[in-house]
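A quick write-up on the structure given underneath.
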C-alpha cells in the first residue's frame, strides 16, 4: 500500500478520533458534570461494562435496521421502475409519495405498531418508509437522465423493450441509486429506534436507551448512542463497498478479470491481440 | 453503376406543423457507394436520416432497401451519431456488441467478432477498457465498430467526426476510408465540412435550405486510394470549388 493510499485511509480515522478528543477536552475544560455529558473514556468504559447486555440488544436493532433498509430499497427501486414505465402511474403515485413523506413519522409510529403488532414487522415498515423515498426520487432521476439519442439508437438497432431497460436504462440508475442508499443507510437506524420506542415485545438498543436515560445513567446512554452510530456508519461503508463493486467503471479504467468473457479467437482473421497495453 | 440500387428514397417530404422540413427528396444509392451529404444548417439533413433509419415516418414518399419497402420501420440500417453514445458501464467490446445485446443476446461468436474487429482497426490495446479511459477519436472508432457489428449493408453516419479536433478528424477520415474499403458497406455521410465530404465520397449531394431538397449531385472523380496528397490535388480542388459555389451562392445564408 502506497503512502498516498495509506493517507487516504487514515484521514477519516483521524477525523473521528479528533471528534473524540474535542469531546473530551470540552468536558474537561468546562467541568461538565458526568450525568450531563460523560467523558469519552466513561462512555467507552460503560460500553465495555454493559457489553453482555448490549450485544443481544444490538443484534435485535441491527436485524430491524438491515431488513427495513433492504425492504425500503427494494420497494423504492421497484416502484421507480414501474413509475418510469407508465407515466400515468407516475403522475398518480408521485404526489401521494411526496405527501406520505410530509407525515411526521414520529406521530404515526404508534398507529403503525397498532396495525402491525409488537414484533419485527412494524420496525421494518417504519424503517422502509424512511428509506424508500430517496430511492424512488433518485432512481426516477436516473431514468430521466438517459440520453434521448441513446434510446433512438436502441430503436434503430431494433432493441427489445426489456433488453433496452436492462442494458441501457437500469444501469443508468445505479449511480443515483447508490447515492440514495448511502442516505438511507444512515437514516435506517433512526427508523428502527423509533419503531422500538413505539412499542415492542423484544427490546432493542432504543428501549435500552430510554431505560438508561430515566435512570440518569448518562454514560450508558452515550455508550448506546455510540453503538447506534456505529451501526449506521457500518451500513454506510457496506453500501459504499457494494457501490464500488457494482459500478467498477467509475473507479477503474479496465474491466476486472473475472468480468471479462474470453471468447475463442480464430487465427485466420487479423491480429488477434486480446491483451492490454 | 450496374444492377439494382441498394437504397432508394422516392419523393420524401416531411411537414412539421404545416411547414415543410424536406420536400420531394430523391435518392438512389448504389451498393458499396460512399455518398456525402452537405447543406446549410437546418436544411433537414437530420430529418432525412431520421426517415432513412425508420425513426420518423415521412408525410409522403417511401424508402426502400434492396427493393424492399422499409418506410418507417427500424433495424435496416446502421446509424452513428456525432455523440459517441457509448455506455460508460460497458467495456469497448461490450459496447461493440450492443446491437446483439439489445436484440437476441450476445453469443461467443459476437464477442469474438467484436474483438477481431476492434483489434484489426486500432483498438487492440483497449478491448477491456471502459470508454472514459479513451480519447474522443478512440471513442468514435468504438462507435463505428458498434455500428458495423450490427451487419447492415447501409450505414448512416451523421457528422461522426464533428466534435473532434481537425488533426484527429483527418486521421479518422483516413481510417474510415480504410474500413470502408475492406468491409464493402454502403455509406451515407452527413457533414458540415466540405473538405471532409469531398475527400471521402464517390458523390456529394448538396441540399438546399429549408425546405430541404437535393439541389445538386456532384460526382467526385478523384482516384482511390486517397491520402494526404489528395487534399491538394487538382481534381479534389475542382470538386471542392463546385460544392462551395453551390453552398454559398444558392442559399445566401449558408453553413
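Chains as they are written, first to last, in the numbering used here: chain A, 12 to 288; chain B, 24 to 278. Beta carbons are placed, not taken as given, at the ideal position from N, Cα and C, and that holds for glycine. Predicted, not measured: the structure shown is a model, and the values here were computed from it.
Which residues of the region 148 to 159 of chain A have a Cβ closer than 7 Å to any Cβ of chain B? Give them in chain order.
158
Would you mind listing the alpha helix (DSSP H) stretches within the region 68 to 120 of chain B that are 4+ residues and don't spill past its ends, in chain order?
68 to 76, 115 to 119
Could you give the first and the last residue of the continuous alpha helix (DSSP H) run that contains residue 133 (chain A)?
Against the first chain, residue 133 (chain A) aligns to sequence position 122. That run of the alpha helix (DSSP H) goes 131 to 155.
Does residue 223 (chain B) come out as helix, strand or coil in the three-state DSSP assignment?
Within the second chain, residue 223 (chain B) is the residue found at index 200, counting from 1. In the structure shown, residue 223 (chain B) sits in a helix (DSSP, three-state: H, G or I).
Quick one: is residue 241 (chain B) buried, meaning 16 or more other Cβ sit within 10 Å of its Cβ, or exposed?
Looking up residue 241 (chain B) in the second chain gives position 218. When all chains shown are included, residue 241 (chain B) counts as buried.
Straight-line gap, residue 71 (chain A) to residue 172 (chain B) (C-alpha atoms, nearest Å)
Taking the first residue of the first chain as 1, we reach residue 71 (chain A) at position 60. Taking the first residue of the second chain as 1, we reach residue 172 (chain B) at position 149. Near 54 Å, if we compare the C-alpha coordinates of residue 172 (chain B) and residue 71 (chain A).
Strictly by DSSP, which residues pair up with residue 230 (chain B)?
On the second chain, position 207 is the one that residue 230 (chain B) refers to. Answer is B:237.
The region 70 to 98 of chain A: positions lying closer than 7 Å to chain B by Cβ
none
Check whether the Cβ of residue 212 (chain B) lies closer than 7 Å to any Cβ atom in chain C.
Protein chains A and B are contained in the structure displayed, whereas chain C is not.
Is the separation between the beta-carbon of residue 206 (chain A) and that of residue 122 (chain A) shorter than 7 Å?
Translated into the one-based positions of the first chain, residue 206 (chain A) becomes position 195. Translated into the one-based positions of the first chain, residue 122 (chain A) becomes position 111. Cβ atoms of residue 206 (chain A) and residue 122 (chain A): not closer than 7 Å.
Identify the residues that DSSP records as bridge partners of residue 315 (chain A): which are they?
Beyond the ends of chain A as shown, which are 12 and 288, falls residue 315 (chain A); an answer cannot be given.
Minimum Cβ-Cβ distance from residue 76 (chain B) to chain A less than 7 Å:
Residue numbering aside, residue 76 (chain B) sits at position 53 when the second chain is read from its first letter. By this cut-off, residue 76 (chain B) is an interface position.
Hey, could you find the ends of the beta strand (DSSP E) residue 209 (chain B) is sitting in?
Position 186 of the second chain, counting from 1, holds the residue named residue 209 (chain B). Per DSSP, residue 209 (chain B) belongs to the beta strand (DSSP E) from 209 to 213.
Could you tell me which of A:136, A:29, A:245 sits nearest to residue 85 (chain A), measuring between CA atoms?
On the first chain, residue 85 (chain A) is found 74 positions in, with the first residue counted as 1. If we check each option's Cα against that of residue 85 (chain A), A:136 comes out closest.
Using a Cβ-Cβ distance cut-off of 7 Å, determine whether residue 265 (chain A) contacts chain B.
Here residue 265 (chain A) refers to the residue found at position 254 of the first chain. Closer than 7 Å: yes.
Would you give the residue range spanned by the beta strand (DSSP E) that residue 43 (chain B) belongs to?
Within the second chain, residue 43 (chain B) is the residue found at index 20, counting from 1. Looking at the DSSP string, the run of the beta strand (DSSP E) that includes residue 43 (chain B) is 42 to 52.
Select from the region 164 to 182 of chain B all residues with a C-beta closer than 7 Å to any C-beta belonging to chain A, and list them in chain order.
173
Comparing C-alpha positions only, which one of A:216, A:114, A:142 sits nearest to residue 67 (chain A)?
If you number the first chain from 1, residue 67 (chain A) lands on position 56. For the residues A:216, A:114, A:142, the minimum Cα distance to residue 67 (chain A) belongs to A:216.
Label residue 158 (chain B) either buried or exposed according to how many other C-beta atoms from any shown protein chain fall within 10 Å of its C-beta, with 16 as the threshold for buried.
Residue numbering aside, residue 158 (chain B) sits at position 135 when the second chain is read from its first letter. Answer is exposed; the Cβ neighbour count stays below 16.
So what does DSSP say about residue 176 (chain B), is it helix, strand or coil?
As a working mapping, residue 176 (chain B) is identified with position 153 in the second chain. Residue 176 (chain B): coil per DSSP, three-state reduction.
So, is the C-beta of residue 157 (chain B) closer than 7 Å to a C-beta in chain A?
Locating residue 157 (chain B) in the second chain gives position 134, where the first residue counts as 1. It does not: the Cβ of residue 157 (chain B) has no partner Cβ on chain A nearer than 7 Å.
Pull out every residue of the region 231 to 245 of chain B whose Cβ sits closer than 9 Å to any Cβ of chain A, in chain order.
none
Can you check whether the C-beta of residue 112 (chain B) is within less than 7 Å of a C-beta belonging to chain A?
Indexing the second chain from 1 puts residue 112 (chain B) at position 89. It does: the Cβ of residue 112 (chain B) has a partner Cβ on chain A nearer than 7 Å.
Are the C-beta of residue 104 (chain B) and some C-beta of chain A separated by less than 7 Å?
Within the second chain, numbered from 1, the residue matching residue 104 (chain B) stands at position 81. Closer than 7 Å to some Cβ of chain A, the Cβ of residue 104 (chain B) qualifies, so yes.
CB of residue 57 (chain B) within 7 Å of CB of residue 210 (chain B), strictly
Stepping through the second chain from its first residue, residue 57 (chain B) is reached at position 34. Stepping through the second chain from its first residue, residue 210 (chain B) is reached at position 187. For residue 57 (chain B) and residue 210 (chain B), yes; Cβs fall inside 7 Å.
Could one say the Cβ of residue 161 (chain A) lies closer than 7 Å to chain B's Cβ atoms, at least one of them?
Along the first chain, one-based indexing puts residue 161 (chain A) at 150. With 7 Å as the cut-off, residue 161 (chain A) counts as an interface residue toward chain B.
With distance defined between alpha-carbon atoms, name the residue in B:206, B:200, B:267 nearest to residue 246 (chain B).
As a working mapping, residue 246 (chain B) is identified with position 223 in the second chain. Among B:206, B:200, B:267, the Cα nearest to that of residue 246 (chain B) is on B:200.
Nearest chain A C-beta to residue 124 (chain B) closer than 7 Å, yes or no?
Along the second chain, one-based indexing puts residue 124 (chain B) at 101. Chain A contact via Cβ: present.
C-beta contact flag for residue 72 (chain B) and residue 180 (chain B) at 7 Å
Position 49 of the second chain, counted from the first residue, corresponds to residue 72 (chain B). Position 157 of the second chain, counted from the first residue, corresponds to residue 180 (chain B). No, the Cβ-Cβ distance between residue 72 (chain B) and residue 180 (chain B) is not below 7 Å.
Between the region 224 to 232 of chain A and the region 178 to 190 of chain A, do at least 3 Cβ pairs fall closer than 8 Å?
no
Tell me the residue span of the alpha helix (DSSP H) that contains residue 225 (chain A).
Working through the first chain from its first residue, we reach residue 225 (chain A) at position 214. Where residue 225 (chain A) is concerned, the enclosing alpha helix (DSSP H) stretches over 216 to 225.
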